[in-house]
Every structure is written in C-alpha cells, then in structure tokens.
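What follows is a short report on a single structure.
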Amino acid sequence: MQNENIIKGQGAQRNVVNRFDRYTYEPDDEDFESVKTTFTEIFPKTIVNQVKSEDLPMEYSMNPYQGCEHGCSYCFARPTHEYWGYSAGIDFERKIMVKKNAPELLEKFFQKRGYQPAPILLSGNTDCYQPAERQFEITRKLLQVCLDYRHPVNVLTKNAMVLRDLDILKPLAEQNLVSVSLSIPTINEDLRRKMEPRTSSSKNKLKAIEVLSENKIPVHVMVAPIIPGLNSDEPLNILKSISEAGAQSFGYTLVRLNDTVEPVFIKWIETQFPDRAQKVLNLIRSMRGGKLGEKRYFDRQRGDGNIAEMIHNTFKIGRKKFFDGKEFPKLTTANFTGAKDQQLRLFD
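Residue 1 is where the sequence shown starts when you use the UniProt record's numbering, and the numbers rise one by one after that.
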C-alpha cells in the first residue's frame, strides 16, 4: 500500500539537515509541493576530475551539472550538494548548478603539454543527460570537443536522450572513441516510476540499446543499484532483455546508503512502500554488517551475508547464460594529439 501523502515525481520527500550547517531551518512539508527547479550558472576552473578511488576502473570523469533532477532517493551523489550549502534532499533535485564553460575547460585540458590521454567518463557523479540537458546542451558540446580532438569518452546515463546526439556518437564510434553505459535497475515500469521518477521509461531505455547497437556504438548496462526486497528478483529478466537488445556487457552494484543518503532513502521507502519498508531496510543491513552504508573500498561493492551472496550468484548465472562470448571493446587513445589539427604537433 502506498502512502497518499507523497510528493509526486520526487525522490526526496523533504530536505534533510546539511552536515556542515550550524543552523538549519526546514519549511513545512506542504511548501515542497510548489518548489520549482532552478538553474544557477557556476564557473569552475577545471571540468576533468582525476578518479582516485581504488575500486573504480576509470582514471578521469567530468560532470556538466551539479545536482540531478532524476530523483533517485538512493543516489550516492546527494551528499556532494551539501558542500554548496544545500540539502541532500529536495535541494539536490531542485537546485541544479550548470557549468556552461565546461566545453572550453575541456579543450584547455586536452591542450596541456604532457597530458597522457585516457578515456574520460562523462557523468560519474550526476547524470549528464538529466532533463536540464535539453535546455543547455552542455553534454552535446563536450562530446563534440571529444570528437574534434579524437579523445575517447565513456558516457553513463539513465536517459534515452543520449539518442539525440547520434550524429556525434556515430563518428566517435567509427574511430573507436566512445561507449555508452545505460543504468537500468529495473524493467518493471511501475517500480521504475518510483525508483527514478524523472528518468526514461524502461521501454525507452531498451529501445536506446537497440538503436545504439544498430549504429555500432558499444553499449554497457549498469544494473544498479540492487535493492533487496524491491528489484532483487529482476536480474535474470533484465540481463536477458538487455542482451537481446544488443548490450555487450553489464555491471551491477548493491545499494549502500552513506551519510545523508540514508535519511532521504528511509523517508522515501516509508512513503512509497510503507508495508515493506522495514523489511527492505533490514535486508540492506544484512548485507552491510548491520548498517545501511559502507565506505570501505571493495567492501562497498561486494557486501556480506547470504542475501549479497545470492545476488552475486544470480549475476554469475546471468553472465554465463546471456553474455557468454560477448566482449566489450577497449577504446583507443592512438589518434589523440592534443590539437584539433593532427598535423600541428609535428611542428612543436
């Protein structure tokens, strides 16, 4: 049974206290019904971040937006909004910071002397194809810079809007410079509307895999996060569907609720699924040593206990059954020179 006192189209149901604020004020819940999304331009000095996490495969990432309208209550990026003085709750979904100078910053990064190219993950924190991208087109411009400089880029998104940029993705793919990772935690559309209210539908995500694959753009799928008691019965169905659509590989993660993600998720699960909220929370605790979160490298990916082991085994079965023989290509850095014109470096 679903709670009727719910803010529709919203992951967070309230703002939560910012860990760094000495004084806090939270308006009445009913005020949030009328909260509109606002966009604020910010002016970072760099756009490419070096990824130092020991258990993540990428060396660099870039995020054209801070905050995310998609509304996933479990999003690990929520606490980063607190560094800007905002809440990890509704503020994270409604106060979006926009980096319009990102394309120029990326060009400067590529032009650095001594830079050794490595694939850059476009996203990694917040979604590069969230609804704001329709208006600002920063992701599109970043992809164009990657094409101009022949630099490899991996795109990670929950949104089928990625198909808008096929005209750039196709020439990138022809030079083995791009892959797309789509996040698909569920193909149950009723559950999808609650888990990630402003993302593309499950049907449209699967269609995006088909279209990308038909255009020879490599597709990876992140089945993430797996939340026991919600979508933990879906992995085999998801893997079958994405394999048939053309995906070449997949990954998955177990849900973890660190810092201020925890109160946002608890409020969400109690609002959306009051009849099984405590069961879901206890199942998560069973994977996290009695806690809801986990920050230790590698442990945060694996989890512990019978529930975690069951999930891992299910994905092993799915990999063998639906992805046996499939191989994901490695992007090339061979054609990058640090200049738009390949000949310029000959005269350095």
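Idealized CB from N, CA, C, for every residue including glycine.
Ranking I42, N63 and E54 by CA distance to the CA of V48 puts N63 first.
Secondary-structure assignment with DSSP links N154 through a beta bridge to L121 and S179. For N49, the enclosing beta strand (DSSP E) begins and ends at V48 to Q50.
If you draw a straight line from the Cα of R193 to the Cα of I168, it comes to about 30 Å.
Where I138 is concerned, the enclosing alpha helix (DSSP H) starts and stops at I138 to Y149. The criterion of a C-beta distance shorter than 7 Å is not satisfied by L212 and F322. Inter-residue distance for R198 and T332 is about 34 Å (C-alpha atoms, whole angstroms).
Sequence-distant partners of S73 (beyond 5 residues in either direction) whose C-beta falls short of 6 Å from its own C-beta, in its chain, are G11, V264, F265 and W268. Looking at Q301, V51, V221 and R113, the one whose alpha-carbon comes closest to that of R319 is V221.
Taking the Cα of T126 as reference, the smallest distance to any Cα among F136, I96 and L106 is reached at I96. Take the alpha-carbon of M161 and the one of D55: they are about 29 Å apart. DSSP places P225 inside the beta strand (DSSP E), whose first and last residues are V219 to I226.
Of the residues assessed, A245 falls on the buried side of the cut-off, its CB having 16 or more other CB atoms within 10 angstroms. A residue is called buried when at least 16 other Cβ atoms come within 10 angstroms of its Cβ; I42 does not meet this threshold and is exposed. Each residue's CA atom was taken as its position, placing F315 and P152 some 29 Å apart. G124 is the residue among G124, P103, E69 and S87 whose C-alpha sits nearest the C-alpha of V51.
Comparing alpha carbon positions, the residue from L292, K326, N204 and T260 closest to S249 is K326.
With respect to the 7 Å criterion, N258 and G290 are not classified as neighbours on the basis of their beta carbons. Secondary structure of I42 (DSSP, three-state): coil. In the DSSP annotation of this structure, S232 is not part of any alpha helix (DSSP H), being labelled neither H nor E. The Cβ-Cβ distance between E69 and P119 does not fall below 7 Å. Take D165, set aside five residues on each side of it, and the residues of its chain with a beta-carbon closer than 8 Å to its own are T139, R140 and L143, in chain order. A direct Cα-Cα distance of roughly 11 Å separates Q135 from Y129. Judged by their CB atoms, P218 and P329 are nearer to each other than the 7 Å cut-off.
Using a 10 angstroms sphere on the CB of A334, the tally of other CB atoms stays under 16, which defines it as exposed. N215 places its beta carbon less than 7 Å from that of K170.
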